[in-house]
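All remarks here apply to the structure that follows.
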Amino acid sequence: MGLYPSKNGYTVYIAKFPLNLAVVDANAAKRVQSNHSYIIGGHSLGGTMAARYAAKNTKELRGVFFLASYPEKKGDLRNVKEPVLSITGSNDGVLNKTNYKKAKKLLPKSTDYVEINGGNHAGFGSYGKQKGDNKAEISNADQQRVIADILIHWLNGQVN
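Last residue of the sequence shown: 1298 in this note's numbering, with the numbers rising by one and none dropped.
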């Protein structure tokens, strides 16, 4: 069994967005959530939109994860009791680190923070180099394996 959520008993949905931009359809999660308990997260702007959705739909919320991302005011999660995870890469040149640090006040004090040594912003996906990003010190495949491992351990230890 690989270290991927779907191969470890978790149902995984990936929302499709117009122009591949989560901000265009901030409520896309509603199409798959449909009054079932859920864990939501996303990469970059997708994580910001996931936080907005979670902040407005707390009834069935079981956790939130951010991949090189952070919430903004409309996604204020500081009073959420469910587990929250934030994963970043040490070589991320796209993530606004000043805003990331400021956004910590919008997350619960119990939020888990993990930094992937050598990981960059583009390594959270499979879309190649991003403008302004730094060179990764690990391969894209290795970064994604680390991300999956962190998520599985978080899901198993925090959410079940």
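Just so it is clear, CB atoms sit at the ideal spot from N, CA and C, and this is done for glycine as well.
The structure presented is a predicted model; accordingly, all values stated were derived computationally and were not measured.
Asked: Just to confirm the assignment, what range does the alpha helix (DSSP H) spanning Y1238 have?; Found: 1235-1241
Asked: Helix, strand or coil for H1291 per DSSP?; Found: helix
Asked: Using the Cα positions of Q1281 and N1255, report the straight-line distance between them to the nearest angstrom.; Found: 9 Å
Asked: For my contact list, R1216 and L1244 are in at a C-beta cut-off of 8 Å; report their separation, rounded to the angstrom.; Found: 6 Å
Asked: Per DSSP, D1280 forms a beta bridge with which residues?; Found: Per DSSP, none; premise fails for D1280.
Asked: Between which two residues does the beta strand (DSSP E) containing T1226 stretch?; Found: 1222-1227
Asked: If we count the other Cβ atoms within 10 Å of its Cβ and call it buried at 16 or more, is N1258 buried or exposed?; Found: buried
Asked: Note down, in chain order, each residue of its chain lying with its Cβ closer than 7 Å to the Cβ of G1263, except the 5 sequence neighbours on either side.; Found: H1181
Asked: Report the rounded CA-to-CA distance for V1162 versus M1187, giving the unit in angstroms.; Found: Its pLDDT being 49, under 50, V1162 is placed unreliably in this model, and the value from its coordinates should be taken loosely. Taking the straight line joining both Cα atoms gives about 10 Å.
Asked: DSSP three-state call for Y1208: helix, strand or coil?; Found: coil
Asked: For G1263, which of helix, strand or coil comes out of DSSP?; Found: coil
Asked: Check whether the Cβ atoms of G1213 and A1189 sit closer than 8 Å, and answer yes or no.; Found: yes
Asked: According to DSSP, what are the bridge partners of V1218?; Found: Answer by DSSP bridge pairing: none, since V1218 is not bridged.
Asked: If you run the structure through DSSP and keep just helix, strand and coil, what is G1256?; Found: coil
Asked: Once you ignore the five residues that flank K1238 on each side, which residues in its own chain have a CB closer than 8 Å to its CB?; Found: Looking at the sequence provided, one finds Tyr at residue 1238 rather than Lys. Excluding sequence neighbours, Y1238 sits near Y1208, T1226.
Asked: Below 8 Å on the Cβ atoms is my contact criterion, and I expect E1210 with A1241 to pass it. Report the Cβ-Cβ distance as a whole number of Å.; Found: 7 Å
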